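Trainee:
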Amino acid sequence: MSRIPTVKTADKRRLEPKERELEIVRGAVAFFAEFGFDGSTRELAARLGITQPLLYRYFPSKEALLDRVYEEVYVNRWNKEWETQLRDRAVPLEDRLVRFYRGYAKVILNYEWVRLFMFAGLKGLDFNARYLAFLRSSAFDLIAREIRLEHGMPTDGPILNEEAELIWGLHAAIFYLGVRQFIYGMPVPDDLDADLALRVRAFLRGMPAAVGDLIHQEGAGQARRAG
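Numbering (this note's numbering), first residue to last: 105 to 331.
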């Protein structure tokens, strides 16, 4: 979870188009993580050691570049194997969740990920809403169904928003470790793996009971409406 270095001047060698594009994207990730999204493409180009027209040859607008930054940081770093592992019922649910959050934490608890997410929210970009919608479809509903199955609750109905909120609470607690380190400059637990295991254990002690109550209330409400 160490801080990344500031943007370095680009290599002056002639690069293949795909290499140059990737160099610009990685430079943009580092640049915007350090300075926020008010940083200009002119400043970015200067720090990369290229001209602004060359940058615009690859990305015709700042918005197009920001979309590519979002892809690089939030989409490409998601490991699809996590979803397979979460479904692996040969492994106890608690162990699956601990394994998932340990892998996930290695991706999100870094200088770039945390600061870009915070800057995006402050700037009013849609990074946050897009990513939370992605998490809901890729992880939250999956985790909720596995918890239901583990505790003998119905799995065929839609996942309640309240369930997703409880899972988001666990996600947010883990994300906040990055905020403490990379925004506030405060210490985080020395043994991150142990801390994550403790958070998952506490979550699983409370989540199933709360969800069971919600599903019971939902069923009772449907029965009253049907009557």
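All residues carry an ideal CB built from backbone N, CA and C; glycine is no exception. This one's a predicted model, so the numbers in the text were calculated from it and none came from an experiment.
Does the beta-carbon distance from Ala209 to Ile319 come in below 8 Å?
Mentor: Their beta carbons are not under 8 Å apart, which means Ala209 does not touch Ile319 by this criterion.
Trainee: Taking only the alpha-carbon atoms, compute the straight-line gap between Ile212 and Val283 and give it to the nearest angstrom.
Mentor: Cα-Cα distance, rounded: 11 Å.
Trainee: Classify Asn214 as buried or exposed, calling it buried when 16 or more other Cβ atoms lie within 10 Å of its own Cβ.
Mentor: Its Cβ being crowded by 16 or more others within 10 Å, Asn214 is buried.
Trainee: Once DSSP output is grouped into helix, strand and coil, what is the label at Ile108?
Mentor: With a pLDDT of 42 at Ile108, under the threshold of 50, the predicted position of this residue should be treated as unreliable, and no value is reported.
Trainee: Once you ignore the five residues that flank Met311 on each side, which residues in its own chain have a CB closer than 7 Å to its CB?
Mentor: For Met311, where only same-chain residues beyond five positions count, the Cβ hits under 7 Å are Ile251, Leu270.
Trainee: Identify the continuous alpha helix (DSSP H) that holds Leu131 and give its terminal residues.
Mentor: The residue you asked about is not Leu; residue 131 is Gly in the sequence shown. From DSSP, the alpha helix (DSSP H) with Gly131 extends over 121-139.
Trainee: Excluding the 5 residues flanking Glu147 on each side, which residues of the same chain have their C-beta closer than 8 Å to its C-beta?
Mentor: Cβ neighbours of Glu147 beyond the five flanking positions: Phe135, Phe139.
Trainee: Identify the continuous alpha helix (DSSP H) that holds Pro157 and give its terminal residues.
Mentor: Its alpha helix (DSSP H) spans residues 156-162.
Trainee: Nearest to Arg130 by CA position, among Arg118, Leu159, Glu185, is which residue?
Mentor: Ranking Arg118, Leu159, Glu185 by Cα distance to Arg130 puts Leu159 first.
Trainee: Taking the straight line between their C-alpha atoms, what separation do you get for Ala314 and Pro262?
Mentor: Roughly 16 Å between the two C-alpha positions.
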